[in-house]
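K.L.:
In our numbering, the protein residues as written are 16 to 474.
We put the CB at the ideal spot given by N, CA and C, even for glycine.
These numbers were taken from a predicted model, which means no experiment stands behind them.
Here's a structure for you.
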Ligand code: P71
């Protein structure tokens, strides 16, 4: 039996949750157009939609909230945050933003022109959409092992460096305004990127004069994976590992809603002063003055404190073991998941869970609906709804290699009993998987379709 890690905290504030009846869920799901984004959170029992912004903040963070300095310019919380971000990332400049995608929007507005390409191990939905919104091409270059859900390798988030170099030579460095790595790789199972790969990606990009940015939402989980899986770092403090990861890059985008343990917030950091000046201009137009960037002073303080808590090694050991526990229990029941477990989530491998439903019938989305109907659990599809696209030349739909349902684990929120319940529901569903039927679109917007699309069950 998998062992559950002891939480390195005790619980001081609780929020009641309520189970619903199957009849209620049938009705809610149909009203929501079979899209769980359209369901009210109160009608969800265990909410694994995302680990983003859903963390339980600590007493220390809440105390910091009371010390929010709401001055328009130069609030003290900004300087606490600045000191923290410099200590952790080493980057010279940063601006706060209201969340990760705002940092992406500002970065790409200042760097990407129409027709240019942005390579990455794998773009997540919002970076992909923000590159597309500038007329750019988001290009994924994950190494092949990252696309095999069953192979056990320590760093399945690694980018294929040879592919990157060949791509730069074909495309021309002048058509590549920056390259990125998503750490950990969210679209590919929450898998970490190795230190060697971060270094090598930086080297290749820099050899061609191309800036390198980390999409750093889950940098602390990535750093702890490096500590656990790379013997060279077994005795290195995680702060030092993080600093080394950032040292190979020229900047980062950050959604602080993940590893900085806040409910809202983000930042964009960089070394280039000239870029920073342009970023400030864009920020002032879109987000706010550079010492608050669309956040309240109290939010900046919670972020500064959360950044340190997210690097705490006892917390990180618990965090990764907690996710691992869910993965191990699902495997014990024979349920197909992407292996090994990710840092922030366990991903059901839909191609093996529902092999009778072709990708054209949206099996990932179908499975999110089935999980909700079975037990009031809300996961998110990371598959054809999120990532399939129409090939501009042939007009045919190109489906993603990985068809996944992500069970993301909010930080410091759910206990062992909650996870055991999730396993029970998955097991019951897996037993009757052959009864499950696919979906089709009723409505699908062009960008970030998964948030607002509507579906209906196939007859
Ligand atoms: C996640 C999210 C947010 C989300 C996405 C889809 C459904 C529900 C919630 C956001 C990320 C991310 C990476 C690697 C940038 C962002 C944007 N992830 N990069 O995983 O994972 O950050 O949400 O603060 O704007 O659930 P933002």
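1. Restricting to runs no shorter than 3 residues, where is the beta strand (DSSP E) found entirely within the stretch 111-199?
2. Run through the stretch 338-416 for me and flag every whole beta strand (DSSP E) of 3 or more residues, listed as ranges in chain order.
3. Between which two residues does the alpha helix (DSSP H) containing residue 104 stretch?
4. Could you pull the DSSP bridge partners for residue 266 from this structure?
5. Can you name the start and end residues of the beta strand (DSSP E) that residue 419 belongs to?
6. Measuring from the CB of residue 489, is there a heavy atom of the ligand P71 at a distance below 7 Å?
7. For residue 287, which of 454, 193, 443 and 450 has the nearest alpha-carbon?
8. Using C-beta distances below 8 Å, list every residue in its chain close to residue 20, excluding the 5 sequence neighbours before and after it, in chain order.
9. Count the C-beta pairs between the stretch 116-130 and the stretch 347-358 that are closer than 8 Å, then say yes if the count reaches three, no if not.
10. Please name the residue, chosen from 97, 416, 182 and 312, that lies closest to residue 397 on a Cα-to-Cα basis.
11. How long is the line joining the alpha carbons of residue 220 and residue 226, rounded to whole angstroms?
12. How would you call residue 92, buried or exposed, if buried means at least 16 neighbouring beta carbons within 10 angstroms?
13. Go ahead and label residue 203 buried or exposed: buried means 16 or more other beta carbons lie within 10 angstroms of its beta carbon, across all protein chains shown.
14. Check residue 108 in the structure and name its three-state DSSP category.
15. I'd like to check one pair, residue 106 with residue 285: are the Cβ atoms closer than 8 Å?
16. Within 7 Å: the Cβ of residue 140 and any heavy atom of the ligand P71?
17. If distances are taken between C-alpha atoms only, which option among 274, 370 and 346 comes closest to residue 324?
18. With contact counted as at least three CB pairs below 8 Å, one residue from each stretch, are the stretch 207-217 and the stretch 261-275 in contact?
19. Just to confirm the assignment, what range does the alpha helix (DSSP H) spanning residue 214 have?
20. To which residues of the same chain is residue 1 closer than 7 Å at the C-beta, ignoring the five residues directly before and after it?
21. Indicate the three-state DSSP secondary structure (helix, strand or coil) for residue 87 in the structure shown.
22. Do you know whose CA, among 42, 135 and 62, lies nearest residue 433's CA?
23. First and last residue of the beta strand (DSSP E) that includes residue 234?
24. In the DSSP assignment, what residue or residues form a beta bridge with residue 456?
25. Among 47, 39, 425 and 240, which has the Cα closest to the Cα of residue 457?
26. Using DSSP's beta-bridge definition, name the partner residues of residue 206.
27. For residue 445, report the span of its alpha helix (DSSP H) as first-last.
28. Looking at residue 171 and the ligand P71, is the gap between the Cβ and the nearest heavy atom below 7 Å?
29. Return the CA-CA distance between residue 153 and residue 395, expressed in angstroms with no decimal places.
30. Suppose the cutoff is 8 Å on Cβ atoms and the five residues either side in sequence are ignored; what does the same chain contact list for residue 462 look like?
31. Would a C-beta distance cut-off of 8 Å place residue 208 and residue 172 closer than the cut-off?
32. Quick check on residue 36: buried or exposed, where buried means 16 or more other Cβ atoms within 10 Å of its Cβ?
33. Under 7 Å Cβ to Cβ from residue 53, same chain only, skipping five residues before and after it: list those, please.
34. I need the DSSP call for residue 54, collapsed to helix, strand or coil.
35. Looking only at its own chain, which residues have a Cβ that is under 7 Å from the Cβ of residue 304, when we skip the five neighbours before and after it?
P.N.:
Quick look at the numbers:
1. 132-135, 152-155 and 194-197
2. 360-364 and 395-397
3. 91-104
4. 228 and 285
5. 419-423
6. Here the chain has residues from 16 to 474 only, and residue 489 is not among them.
7. 193
8. 332, 333, 336, 337 and 340
9. no
10. 416
11. 7 Å
12. buried
13. buried
14. strand
15. yes
16. yes
17. 274
18. yes
19. 210-222
20. The requested residue 1 does not occur in the structure, where the chain is confined to residues 16 to 474.
21. coil
22. 62
23. Element bounds for residue 234: not the beta strand (DSSP E) but the alpha helix (DSSP H), 234-244.
24. 470
25. 47
26. 200
27. 431-446
28. no
29. 22 Å
30. 144, 147 and 148
31. yes
32. exposed
33. 47
34. coil
35. 87 and 88
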